[in-house]
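Numbering (the UniProt record's numbering), first residue to last: 1 to 411.
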């Protein structure tokens, strides 16, 4: 079964970049699935897109006006309830004044409740990296908002990076469905089975494709399936900063959960503090069919988005392995993070899978899912049936419909 991802840990990583940072002459992956600024280390990577101007000024002005209005109403109500009384009446309380005071308190309470809800809504989803740049915050808030609107983003894994990399899969999807997927994912080093040193596997030729997708309004994921870095024969050191850690098909799978978490946290701190990278969203995405998907979760302080990789022939009916995916879905939702499906494809690769089942499954079974990324090869939509319906339905947002820069939030 195919597996790939990108996020500081081979678990799907959103990256924001500027034009210079995707120079294929100077950039690559600097550590497993990380996005770094320069090419000076062993493994370099694409860096950050231009920070768009944060467009939350209108919300700020509105909130200031509401706060001022609240103060005015409070002052007015207080004045209205004051009675000038003679000394002899100082201790008299009539029903009318009691009712006025009670009404004032109710109005003040209602205004306070309204403001609390409004402020809570505007603050939105906070990034794990407290210094994340504006664009990264906007992307996270945008993804968070999608499921609340009953929408999800389309995404497509485009393959292993190599010189003159083909865009044939995207071309075929566009030809059949008339749409371009909203997210492109590329693998910098698909070699988890290999004995070749990681630096010789690294290829970031797909940077130009990723950059073009971003410039046209899409999002990007970067992934890398590196071999074990310790010895040609597999070694014992486990860099378990990779996806589907609860599965047994990768050399980093089903290892010590504490070690996995420590490696994740170390990588998070290294990229954000040492390398000063603040353009990464960290995604934890185990496999739906393997046990205990949350066992390797490193903690909410180090994760932005959670997800599942789901390969099933029955995404709608409650048949194995869909029952497992539903259990994993509930387990991921309990982590209180935005939810995605980081890899999707059929289990049976006979070309007969009906991809129109997935919009129904998301609507009825996975309503909190914010994006779905389909796999390549025999698992891809165009290698099966009804790719058109996957990219053309009432719930999907493709590249042409993404609007990140108008997402408003408070930093």
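All residues carry an ideal CB built from backbone N, CA and C; glycine is no exception.
Length of the line joining the Cα atoms of residue i and residue j
i           : j           : result
residue 314 : residue 216 : 34 angstroms
residue 374 : residue 69  : 49 angstroms
residue 335 : residue 302 : 12 angstroms
residue 275 : residue 381 : 38 angstroms
residue 352 : residue 278 : 42 angstroms
residue 287 : residue 142 : 25 angstroms
residue 405 : residue 137 : 10 angstroms
residue 256 : residue 184 : 32 angstroms
residue 330 : residue 266 : 28 angstroms
residue 130 : residue 124 : 14 angstroms
residue 172 : residue 209 : 16 angstroms
residue 365 : residue 177 : 24 angstroms
residue 211 : residue 126 : 26 angstroms
residue 223 : residue 273 : 21 angstroms
residue 233 : residue 312 : Caution applies to residue 233, whose pLDDT of 38 falls short of 50 and renders its modelled position unreliable; the value that the coordinates give is listed next. When rounded, the distance between both Cα atoms is 33 angstroms.
Among the options, the one whose alpha carbon lies nearest that of residue i
i           : options            : result
residue 186 : 127, 177, 176, 158 : 158
residue 424 : 140, 167, 148      : Beyond the ends of the chain as shown, which are 1 and 411, falls residue 424; an answer cannot be given.
residue 149 : 396, 270, 400      : 396
residue 394 : 127, 131, 141, 154 : 154
residue 299 : 337, 156, 277, 271 : 337
residue 135 : 350, 280, 370, 209 : 280
residue 128 : 271, 365, 211      : 271
residue 402 : 218, 224, 364, 211 : 218
residue 307 : 126, 177, 133, 144 : 144
residue 297 : 273, 261, 312      : 261
Own chain partners of residue i with C-beta closer than 7 angstroms, once the 5 adjacent residues on each side are dropped
i           : result
residue 333 : 339, 368
residue 174 : 180
residue 132 : 278
DSSP-derived helix/strand/coil call for residue i
i           : result
residue 141 : helix
residue 292 : coil
residue 134 : helix
residue 209 : helix
residue 172 : helix
residue 259 : helix
residue 167 : coil
residue 383 : helix
residue 402 : coil
residue 221 : strand
residue 390 : helix
residue 334 : coil
residue 396 : strand
residue 282 : strand
residue 147 : helix
residue 312 : coil
residue 188 : strand
CB contact check: residue i to chain C, cutoff 9 angstroms
i           : result
residue 168 : In the structure shown, chain C cannot be found, because there is only a single protein chain.
Whether residue i touches residue j by CB criterion (9 angstroms)
i           : j           : result
residue 355 : residue 389 : yes
residue 384 : residue 346 : yes
residue 342 : residue 283 : yes
residue 163 : residue 399 : no
residue 417 : residue 379 : Residue numbering for the chain in the displayed model covers 1 to 411; residue 417 lies beyond these limits and cannot be assessed.
residue 305 : residue 140 : yes
residue 370 : residue 146 : yes
residue 169 : residue 156 : yes
Own chain residues within Cβ distance below 6 angstroms of residue i, not counting five before or after
i           : result
residue 344 : 310, 372, 374
residue 165 : 205, 206
residue 430 : An answer regarding residue 430 cannot be provided, because it is not within the stretch 1 to 411 covered by the chain.
residue 121 : Its pLDDT being 47, under 50, residue 121 is placed unreliably by the model, and nothing is read from it.
Own chain partners of residue i with C-beta closer than 8 angstroms, once the 5 adjacent residues on each side are dropped
i           : result
residue 152 : 146, 362, 369, 370, 371, 372, 395, 396, 397
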